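Heads up, the sequence shown is in numbering that gives the first Met the number 0, so the first residue is 0 and it goes up one at a time. C-beta atoms are modelled at their ideal positions from N, C-alpha and C, and glycine is treated no differently. These numbers come from a predicted model, not from an experiment.
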Amino acid sequence: MLVAKIKTFLGDEGGATAIEYALIATLIAMAIIASAIVLGDGIRGLFNNGTTEVLTTQTGKI
Numbered sequence: 000m001l002v003a004k005i006k007t008f009l010g011d012e013g014g015a016t017a018i019e020y021a022l023i024a025t026l027i028a029m030a031i032i033a034s035a036i037v038l039g040d041g042i043r044g045l046f047n048n049g050t051t052e053v054l055t056t057q058t059g060k061i
């Protein structure tokens, strides 16, 4: 009886798929975080430049 349960447990691969999906999701999350870190300063610079342009052109018009 115990041997049969052990064989059933070792043959069950239902959890393996969930673990594989979790690993894929983790890799995707790491890629998104790395991209945000690498591109963060560039995007911040674009927004700062845009803000400066708007403030420069609108000074005295309000």
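Open item on the list: Quick check: the Cα distance between D11 and G49, rounded to an integer number of angstroms?
Closed with: 57 Å
Open item on the list: Which of the three DSSP states is assigned to T25 in this structure?
Closed with: helix
- [ ] Pull up the distance between the alpha-carbon of M9 and that of A15, whole angstroms please.
- [x] Note on identity: in this sequence residue 9 is Leu, with Met being the wrong assignment. Between L9 and A15, the C-alpha separation is close to 11 Å.
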